[in-house]
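Engineer: I'd like to ask you about the structure that follows.
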Amino acid sequence: MIIVLRPGAKTTEKKHIIKKMKEMGFQTMVSEGLERTIIGLIGEEDLLRTLPIEAMPGVERVMQVLKPYKLVSREFKPADTVVKAGNVRIGGKKIVVAAGPCAVEDKDSLLHIGKEVKKAGAVILRGGAFKPRSSPYAFQGLGEEGLKYLQYVREKTGLLVVSEVMDTRDVALVEDYVDIIQIGARNMQNFNLLKEVGLAKKPILLKRGLMATVKEFLMSAEYILSQGNFNVILCERGIRTFEDSTRNTLDVSAIPVIKSLSHLPVIVDPSHAAGKWEYVSALSKAAVAAGADGLIVEVHHKPEDAMSDGEQSLLPKTFSAMMKELKPIAVAIKRTI
Ligand code: PEP
Ligand code: MN
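So for the sequence shown, this note's numbering puts the first residue at -16; every next one is plus one.
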């Protein structure tokens, strides 16, 4: 249920409504729009329906959000959310690009890749320190040491860093080192992990599960918002289909679909969608044209020696060429990159 306040409702009226709702046992979330304030209520819907909320001063109307996700919905917040991380804004006019290796391997190569992707226009460095590998015998990541290398490159280059957390016990540790906490596709429905990062102060990059519908994806985001963390970036990274010529199938339609259903920014990972570096540039262009707010791309200076996902990693020079080709597409849809 959401309470829409009338334009110009007084702060005292708003405070009164919130106080009253809290006394009745509801959790309240406030969305301040340019014209209107909306108060989201989480709690017993049946009880809510019996309350004469529309009689309260300052209330314009009460709406029931029929969808299973509330706080992530456009009904709750009509205006686009712009997530702030350091000096970067995700969800605004500028399309934001994160790039870097699949996994953090060593300090020197990370710095080398960081400098290259920055030169090409990336503003965020990606790199996994905790790696979700399909095989338990594959390289699992450097753990905290990897996070330290990310922080080192962050200081040297001024790039922000994003890295994945896989375990509730590591959330505080990862949060200490990174600017954006990533939840990987395989953990999209790890509800305890979602609740834990919902309590974090840093923005969350939530990747769509391999077999998740858009509705399930948005419900996972709802878990994070319901704990108070509204800084969530959604990432379409390809889904499993019958098609096996690519690693996954990039669901380009998810971009406009999510944008119509939710206020949260949407970025695209063309690397895990394609699985092959040759297709990454075309998928990136499609993503930008379809309205993505950003990209997260795997880049490695020696893909053949990469400890993971070398086959889908772009060389720095290919990444740089792609960034140039994306510019006119961004301009065509009145954005910048
Ligand atoms: C990653 O981005 O490092 C990753 C493992 O991707 P995904 O969770 O989308 O498979
Ligand atoms: Mn990878």
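Don't be surprised by glycine CBs; every beta carbon is placed ideally from N, CA and C. None of these values were measured; they are calculated from a predicted model.
From the DSSP secondary-structure annotation, give me the bridge partner or partners of R57.
Structural biologist: DSSP output for R57 lists no bridge partner at all.
Engineer: Identify every residue that forms a DSSP beta bridge with L(-12).
Structural biologist: V42, per the DSSP bridge assignment.
Engineer: Provide the residue(s) that pair with I73 in DSSP beta bridges, ordered along the chain.
Structural biologist: V66
Engineer: CB-CB under 6 Å to D162, same chain, minus the five flanking residues each way: which ones, in chain order?
Structural biologist: A68, G69, L143 and V144
Engineer: Going straight from the alpha carbon of D63 to that of D252, what length do you get?
Structural biologist: Computed Cα separation, rounded: 20 Å.
Engineer: Taking any heavy atom of ligand 2 as the mark, which residues have a C-beta closer than 5 Å to it, listed down the chain?
Structural biologist: C85 and D292
Engineer: For H255, is the beta carbon positioned less than 6 Å from some heavy atom of ligand 1?
Structural biologist: yes
Engineer: Which same chain residues, not among the five before or five after E58, have their C-beta less than 7 Å away from its C-beta?
Structural biologist: I(-15), M46 and V48
Engineer: Pop quiz: A105 and V80 are said to be a contact at Cβ under 8 Å. What is the actual Cβ separation, rounded to whole angstroms?
Structural biologist: 5 Å
Engineer: Can you have a look at S118 and say buried or exposed, based on whether 16 or more other CB atoms are within 10 angstroms of its CB?
Structural biologist: Counting of Cβ neighbours within 10 angstroms places S118 among the exposed residues, the total staying below 16.
Engineer: Quick check on this structure: which residue in N212, L298, L30 and M12 has the alpha carbon closest to the alpha carbon of P286?
Structural biologist: L298
Engineer: Considering only DSSP beta bridges, list what L297 is partnered with.
Structural biologist: Under the DSSP definition of a beta bridge, L297 partners with V282.
Engineer: Where does R19 fall in DSSP's three states?
Structural biologist: Assigned with DSSP and collapsed to three states, R19 falls in coil, not helix or strand.
Engineer: Can you check DSSP and say which residues form a bridge with V13?
Structural biologist: V13 is bridged to I22.
Engineer: Are the beta-carbon atoms of A195 and M171 separated by less than 7 Å?
Structural biologist: yes
Engineer: Between G74 and the rest of its own chain, which residues show a CB-CB distance below 6 Å, the 5 nearest in sequence each way excluded?
Structural biologist: So the list reads D63, T64, V65, V66, P248 and D276, once near-sequence residues are dropped.
Engineer: Are A86 and G124 touching if we call contact CB-CB under 7 Å?
Structural biologist: Contact annotation: A86 and G124 have beta-carbon atoms nearer than 7 Å.
Engineer: Under three-state DSSP, which class holds R169?
Structural biologist: helix
Engineer: Which residues does DSSP pair with C218 in a beta bridge?
Structural biologist: K190 and I250
Engineer: To the nearest whole angstrom, what separates the beta carbons of L278 and S291, a pair I think is in contact under 8 Å?
Structural biologist: With 8 Å as the limit, L278 and S291 do not qualify as a contact, their Cβ atoms being about 19 Å apart.
Engineer: Have a look at the DSSP bridge pairing and note the partners of T319.
Structural biologist: In DSSP, T319 forms a bridge with K77.
Engineer: Under the criterion of a Cβ to heavy atom distance below 6 Å, does R152 qualify as lining ligand 1?
Structural biologist: no
Engineer: Considering only residues of the same chain and omitting the five flanking positions on each side of P186, which have a CB-CB separation below 6 Å?
Structural biologist: V66, A68, I163 and N214
Engineer: With distances taken from CA atoms, which of E219, L233 and C218 is nearest F225?
Structural biologist: L233
Engineer: Following a CB-centred definition, is R72 positioned closer than 6 Å to any heavy atom of ligand 1?
Structural biologist: no
Engineer: Between R169 and P84, is the Cβ-Cβ spacing less than 7 Å?
Structural biologist: no
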